[in-house]
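What follows is a single structure, written as structure tokens, with notes after it.
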Amino acid sequence: MTPLPDLMLEPLVRAGLLEDLGCGGDLTTDALAAPGQMLRTALVARQPGVVAGLALARLAFTLMDPSVRFDIERPDGSAVAPGDRIARVSGPAPAILGGERVALNFLSHLCGIATATAGIVRAVAGTKARVCCTRKTLPGMRAIQKYAVRAGGGANHRFRLDDAILIKDNHIALAGGDVAQALAAARARAGHLVSIELEVDTLDQLAQALRAGGADAFLLDNMTPAQLREAVAMVNGRAVTEASGGITPDSAPDIAATGVDILSVGWLTHTVRALDIGLDHESGA
């Protein structure tokens, strides 16, 4: 798992710090900290989970003051238990306390995504299915949310509309409701490196699409395990098969057992619960 470069992350973290500091800075720390006072702290897990987002947490402190030390003990992708120390953070008190909330907001959110992803990945272990996220991400945060999915052992769907062609029901309506016509128009426009995926809601639609040809993948939306099993047999390895629609850790094993290649799970990024992480003071500062 390749980490995202600081060049991509810094604008997000800088915006978070500016939002938090406002016009007057950290009034509380400014009032209570002695000149030159230093702190030794640790980022500590309060719940079991998977780590993701340490680069953003580090930047939240080092953008406040480059002298802050950020020593990682459990890198992104690591499993943690309650009480595990994720990283040590030491340096000037104003920098650490001023960056604390922004660091924790990013880290807790991304750890939550990684943890949820890891749960579904475990649920489908032993099958060929991969767990994949979607474009249902917070504006401006897609790259880091999708990174967190990878940290949890998942895979990414397209990042943007120009990554691939995905024909859904509204697009088919543009083609007069004709699946074959929609596929033909997409293939005529697509470059030789552009993949085409078609969403189908029924086995009849899938049969039409297979007769028409031209799709590299099929998004099998809201189908039962029995329907998915039949769809996989119909495709017979000629294209990638992707199941979507309300997939949970409980339903994922049965869906993966149908033989689909991909489980597409939107809630991994749009409604995931943050992992509880704290910044604890350590003695000896």
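Under the numbering used here, think of the first position of the sequence shown as -7, with each following residue one higher. No residue lacks a Cβ here, since even glycine has one placed at the ideal position from N, Cα and C.
Could you tell me which of the options sits nearest to residue i, measuring between CA atoms?
i      : options                        : result
Leu153 : Val186, Gln200, Arg221         : Val186
Ala79  : Thr250, Phe62, Gly237          : Phe62
Gly251 : Gly168, Asn228, Asp170         : Asn228
Leu102 : Gly205, Leu267, Ala167, Leu190 : Leu267
Val43  : Pro3, Ile105, Leu24, Gly75     : Ile105
Thr216 : Ala209, Asp76, Gly237          : Gly237
Arg122 : His273, Pro245, Gly270         : Pro245
Leu10  : Val72, Arg93, Gln197, Asp22    : Arg93
Val116 : Val257, Glu65, Gly8            : Val257
Asp272 : Arg77, Gly28, Ser59, Gly41     : Arg77
Val224 : Asp170, Leu195, Thr54, Gln200  : Leu195
Gly28  : Val60, Ile188, Glu234          : Val60
His184 : Leu202, Ala156, Ala201         : Ala156
Met226 : Leu202, Pro74, Ser100, Val72   : Leu202
Please report how far the alpha carbon of residue i lies from the alpha carbon of residue j, in whole angstroms.
i       : j      : result
His262  : Thr126 : 9 Å
Asp12   : Thr109 : 29 Å
Val150  : Arg221 : The question names Val, yet the displayed sequence has Arg at residue 150. Roughly 25 Å between the two C-alpha positions.
Arg38   : Lys128 : 27 Å
Trp259  : Phe98  : 18 Å
Ala277  : Gly144 : Its pLDDT being 49, under 50, Ala277 is placed unreliably by the model, and the measurement read from it follows with that caveat. Approximately 34 Å between the Cα atoms of the pair.
Pro67   : Gln173 : 49 Å
Gly16   : Ser275 : 30 Å
Thr(-6) : Ala52  : 20 Å
Ser70   : Gly118 : 21 Å
Val264  : Leu130 : 12 Å
Ala14   : Gly132 : Here residue 14 turns out to be Gly, not Ala, going by the sequence shown. Straight-line Cα distance between these residues: approximately 20 Å.
Gln219  : Ala204 : 21 Å
Leu4    : Gln137 : 12 Å
Ala199  : Val113 : 30 Å
Ile247  : Gly111 : 15 Å
Glu65   : Ala25  : 28 Å
Glu2    : Asn162 : 37 Å
Are the CB atoms of residue i and residue j nearer to each other than 8 Å?
i      : j      : result
Lys160 : Asp253 : no
Asp213 : Asp193 : yes
Pro84  : Met30  : yes
Gly255 : Cys124 : The sequence as given places Leu at residue 255; Gly does not occur at that position. Closer than 8 Å, so yes.
Leu35  : Ala49  : yes
Ala87  : Asp57  : yes
What distance in whole Å lies between the Cβ atoms of residue j and residue i, which are believed to be in contact at a cut-off of 8 Å?
i      : j      : result
Ala140 : Gly45  : 6 Å
Leu158 : Leu175 : 12 Å between Cβ atoms; not a contact.
Ser82  : Thr20  : About 20 Å separates the two Cβ atoms, so there is no contact after all.
Arg179 : Gly206 : 4 Å
Asp208 : Val232 : 7 Å
Specify, as a first and last residue, the run of the beta strand (DSSP E) that residue i falls within.
i      : result
Thr33  : 30 to 37
Gly83  : 77 to 84
Ile254 : 254 to 256
Ala235 : 232 to 236
His163 : It is not in any beta strand (DSSP E) - His163 instead sits in the alpha helix (DSSP H) that spans 161 to 166.
Phe62  : 61 to 64
Phe151 : Unbroken run through Phe151: none, as it is neither H nor E.
What are the boundary residues of the alpha helix (DSSP H) that residue i is part of?
i      : result
Gly144 : Looking at the DSSP string, Gly144 is not in any alpha helix (DSSP H), and its letter there is neither H nor E.
Val5   : -2 to 13
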